[in-house]
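By full-length UniProt numbering, the letter at position 121 of the sequence shown is numbered 121, and the numbering carries on one by one without gaps.
Notes for the one structure printed next.
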Amino acid sequence: MVPPIPREHATTRHPRFRMRQLTVAFGLVASGILGVGLVLKALLQDSTIRPGAVVLLSLVLVATALGIIRYRNRSRPIRRGAETTGAQTSPAAPELGVQSEDLAAEDVYLADDADVGPDEFERLVAVLCERDGCLEVRVVGGANDLGADVLAVTPDGRRLVIQCKQYREANRVGSQDLQRFGGTCFTVHDADIAAVVTTSTFTEPAVAYAEQSGIRCLDHDMLYAWEAGIGPAPWQAGG
Numbered sequence: 001m002v003p004p005i006p007r008e009h010a011t012t013r014h015p016r017f018r019m020r021q022l023t024v025a026f027g028l029v030a031s032g033i034l035g036v037g038l039v040l041k042a043l044l045q046d047s048t049i050r051p052g053a054v055v056l057l058s059l060v061l062v063a064t065a066l067g068i069i070r071y072r073n074r075s076r077p078i079r080r081g082a083e084t085t086g087a088q089t090s091p092a093a094p095e096l097g098v099q100s101e102d103l104a105a106e107d108v109y110l111a112d113d114a115d116v117g118p119d120e121f122e123r124l125v126a127v128l129c130e131r132d133g134c135l136e137v138r139v140v141g142g143a144n145d146l147g148a149d150v151l152a153v154t155p156d157g158r159r160l161v162i163q164c165k166q167y168r169e170a171n172r173v174g175s176q177d178l179q180r181f182g183g184t185c186f187t188v189h190d191a192d193i194a195a196v197v198t199t200s201t202f203t204e205p206a207v208a209y210a211e212q213s214g215i216r217c218l219d220h221d222m223l224y225a226w227e228a229g230i231g232p233a234p235w236q237a238g239g
């Protein structure tokens, strides 16, 4: 499964407090102290060993334990720094969020990301198109967009026109939305492939109109599958 594309708002996340690492460190220190104590007790009971040798051995054991702990801390990879560097060298699909094993449970795909607004949703759909091989990708959504939010050329050379609907689950894309888009996507924008991508779902009349008009519909589940790499892109859906 492909990881979710980065988000601008994800950069505000703070590193979680690593209680497990702190517990391990204290455990190592406690084990070291206990071990040194047992060794000292055994050595002091042996009258043939000089006290000076016991003290020297104790210092060596303590230094070794501290050295191990320090080495473990220094050898731990700094994931955030590495990813930030990667972000500065990838202008096509900028790394705007944190992607690491530590934050895997916090990763949110675009279809479920409530923090993404309509403008950023259009931009991220464009990023997905570019990620999957489209050329000449442009975000053109606005007051006078005539139904088109993202324009692109598919990997096989067809003109792609996408309308983005960043809706809540309860707000379904209706037939009127599809009819407005259908009135411009082919005649005005000269689309070879026209698609509507939403974070919600489509009403039955909307789906019926889309089938009659040749418009491809990607609902919440299909958007998730596209981003995750387990489902088709808009220009692949429906053949």
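Glycine is no exception: its CB is placed at the ideal position from the N, C-alpha and C atoms.
Quick caveat, the model's predicted, so the values are computed rather than measured.
What's the call for residue 177, buried or exposed, on a 16-neighbour Cβ count within 10 Å?
Looking at its Cβ environment, which holds 16 or more other Cβ atoms inside 10 Å, residue 177 is buried.
Can you grab the Cα-Cα spacing for the pair residue 188 / residue 146, in whole Å?
Looking at the two C-alpha atoms, the distance is approximately 8 Å.
What distance in whole Å lies between the Cβ atoms of residue 173 and residue 152, which are believed to be in contact at a cut-off of 8 Å?
Their Cβ separation, rounded to whole angstroms, is 21 Å, which puts residue 152 and residue 173 out of contact at 8 Å.
Taking its Cβ as the centre, do 16 or more other Cβ atoms sit within 10 Å of residue 74, making it buried, or is it exposed?
With a pLDDT of 36 at residue 74, under the threshold of 50, the modelled position of this residue cannot be trusted, and the question is left open.
Do residue 184 and residue 121 have their C-beta atoms within less than 9 Å of each other?
The answer is no: Cβ separation not under 9 Å.
Quick one: residues in its chain with C-beta nearer than 6 Å to the C-beta of residue 194, no 5 flanking neighbours on either side, listed in chain order?
Closer than 6 Å at Cβ, skipping near neighbours: 161, 185, 215.
To the nearest angstrom, report how far apart residue 263 and residue 108 are at their CA atoms.
Past the edges of the chain, shown from 1 to 239, lies residue 263, and the structure says nothing about it.
Hey, is residue 181's beta-carbon within less than 9 Å of any beta-carbon in chain E?
Note that chain E does not occur in the displayed structure, where there is just one protein chain.
Would you tell me roughly how many angstroms separate the C-alpha atoms of residue 191 and residue 163, rounded to the nearest one?
Cα-Cα distance, rounded: 12 Å.
Verify the contact flag: residue 197, CB atom, against every heavy atom of the ligand NAD, threshold strictly below 8 Å.
In the structure on display, the ligand NAD does not appear, and there are no ligands present to speak of.
Provide the residue(s) that pair with residue 159 in DSSP beta bridges, ordered along the chain.
Partner(s): 153.
What is the C-beta distance between residue 227 and residue 110, in whole angstroms, given that I count them as a contact (C-beta under 8 Å)?
The pair is a contact, with the Cβ atoms about 5 Å apart (cut-off 8 Å).
Quick check on the burial criterion: 16 or more other C-beta atoms within 10 angstroms. Buried or exposed for residue 118?
Exposed is the call here.
What is the DSSP secondary structure of residue 136, reduced to helix, strand or coil?
Of the three classes helix, strand and coil, the one that applies to residue 136 here is strand, per DSSP.
Compute the Euclidean distance between the alpha carbons of residue 224 and residue 181, then round it to the nearest angstrom.
Each residue's Cα considered, the two are about 22 Å apart.
Give a yes or no on whether the C-beta atoms belonging to residue 125 and residue 149 are separated by under 9 Å.
Cβ atoms of residue 125 and residue 149: closer than 9 Å.
Report the rounded CA-to-CA distance for residue 208 versus residue 156, giving the unit in angstroms.
When rounded, the distance between both Cα atoms is 27 Å.
Leaving out five residues on either side along the sequence, give the residues of the same chain with a beta carbon under 7 Å from the beta carbon of residue 133.
155.
What is the rounded straight-line gap between the Cα of residue 260 and the Cα of residue 114?
Given a span of 1 to 239 for the chain in the structure shown, any question on residue 260 remains unanswerable.
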